[in-house]
Ligand code: HEM
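Residue numbers (the UniProt record's numbering): 1 to 382.
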């Protein structure tokens, strides 16, 4: 058994009682919102600062790489962003050049705040799941044909992207990371958000996820159009269209959606309700096992179409999760990952690493080889 798998099994605790939890959100807000363009209160981005310095500090580490990128950029919009940031780059570069250790400090701080959720009575006791969702939604807007969207510019800070229906509730994750941004002002939002996704997976018992900095903060005009993220009510064709557009194949699609081992749906965010597994704060292959082995029936309720497990009625699957066992090519991978958690860890880690780099020009990265950040349980080891 791998080290990562050992850590995962150590964390495998059933934190959700298979009882009343699921109806909590429904009670809180019966008027669910599915894909409206209206965002919940308070979701306006905290900062719409156009000249954000973080990624530029990263560019400073990369030395000339950033300037090469700036001068080579064929897109006027990109050049504009890079130039504005470039003015800041000089200032930052003279004062501070972050090292891998500095990024590790940011990682450590993120790791520290994950469990604060327990004291606040938030969800299942960890902010990890919503931080992972933020990292994924910031990256999953990528379109390989037009080379737009993705994690580079952290455009979800701006309306209209913050108000895209699929991003409902992610203001919680962005706000959570804001004090860390204030503490480490040299990091770009794109780097911070994706690093938080990495920390969530690693700290909740998942595999190591290779990551490297270099994203720069862009401007509101770089927001991708609405509709780039998947719609959970749709079928296999839609899922393929969305993920093929990002450049993923069927195996990677199945590997990525296994992230639903973590967290839950909230009726006041997506309209759906409930967790996928009994251990929503542990990265495990339970999602695949449950998908294959439980009997799933359509939930009878006054909400969007979703499935529930026939036995306990306390777990859920989205229509898009369920297509993974209805479609032959997808199902093959569901079986493989249900049988072999180490295999899933390996494939999930690789696909996630790639997801978080979508839309970032290679020259912007400060290192050719992505880094493995230390998890909090190995901080003192050298
Ligand atoms: C077909 C693809 C996908 C669809 C339709 C989908 C849809 C959803 C929906 C509707 C929610 C509930 C949001 C809420 O009400 O709070 C959710 C939550 C979540 N999604 Fe996905 N998702 C997809 C793929 C992914 C991928 C690729 C990842 C990560 C790699 C991911 C990570 C998560 C996480 C961690 C949560 C839990 C958030 C929380 O607990 O607050 N999802 N997803």
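Note that CB positions come from ideal geometry on N, CA and C, so glycine has one too.
Among residues of its own chain, excluding the 5 on either side of residue 319, which ones have a beta-carbon nearer than 8 Å to its beta-carbon?
-> If we look at residue 319 and ignore the five residues flanking it on each side, its Cβ neighbours are 232, 233, 234, 235, 305, 306 and 307.
Given 8 Å as the limit, is there contact between the segment 269-281 and the segment 119-138, that is, 3 or more CB pairs closer than that?
-> yes
What do you reckon, is the C-beta of residue 269 under 6 Å from a heavy atom of the ligand MN?
-> This structure does not include the ligand MN; its bound ligands are the ligand HEM.
Examine the ligand HEM and report whether any of its heavy atoms sits within less than 6 Å of the Cβ of residue 111.
-> no
Taking residue 317 as the reference, which of 329, 332, 228 and 289 has the closest Cα?
-> 289
Roughly how many angstroms lie between the CA atoms of residue 222 and residue 188, to the nearest whole one?
-> 16 Å
Out of curiosity, what's the CA-to-CA distance linking residue 377 and residue 106?
-> Roughly 15 Å separates the two Cα atoms.
Could you say which of 193, 147, 160 and 183 lies nearest to residue 154 if we only look at CA atoms?
-> 193
Own chain, CB closer than 6 Å to residue 226, minus 5 neighbours either side, in chain order = 164
Cβ-heavy atom distance between residue 245 and the ligand HEM below 6 Å?
-> no
Taking residue 312 as the reference, give the member of 277, 161, 332 and 208 with the closest Cα.
-> 277
When you compare each of 190, 148, 198 and 205 to residue 342 by their alpha carbons, which one comes out closest?
-> Minimum Cα distance to residue 342 is reached at 205.
For residue 330, is the beta carbon positioned less than 6 Å from some heavy atom of the ligand HEM?
-> No - the ligand HEM has no heavy atom lying nearer than 6 Å to the Cβ of residue 330.
Closer than 6 Å: is that where the CB of residue 164 sits relative to any heavy atom of the ligand HEM?
-> no
Using 6 Å as the cut-off, classify the Cβ of residue 297 as near or not near the heavy atoms of the ligand HEM, replying yes or no.
-> no
Looking at residue 215 and residue 139, is the spacing between their C-beta atoms short of 7 Å?
-> No. Outside cutoff.
Residue 287 CB to nearest heavy atom of the ligand HEM below 6 Å = no
Please confirm whether residue 323 and residue 331 have their CB atoms less than 7 Å apart.
-> no
Since I believe residue 130 is in contact with residue 247 (beta carbons under 8 Å), could you give me their beta-carbon distance rounded to a whole number of angstroms?
-> So it is not a contact: roughly 25 Å between Cβ atoms.
Length of the line joining the Cα atoms of residue 315 and residue 96 = 48 Å
Which partner residues does residue 275 have in the DSSP bridge list?
-> 264
Does the segment 250-258 touch the segment 347-355, meaning 3 or more C-beta pairs lie closer than 8 Å?
-> yes
Under 7 Å between C-beta atoms of residue 303 and residue 149 | no
Contact check, residue 135 vs residue 197, beta carbons under 7 Å = yes
Run the proximity test for residue 404: is its beta-carbon closer than 6 Å to any non-hydrogen atom belonging to the ligand HEM?
-> Residue numbering for the chain in the displayed model covers 1 to 382; residue 404 lies beyond these limits and cannot be assessed.
Three-state secondary structure (DSSP) of residue 246 = The answer is helix: DSSP assigns residue 246 an H, G or I state.
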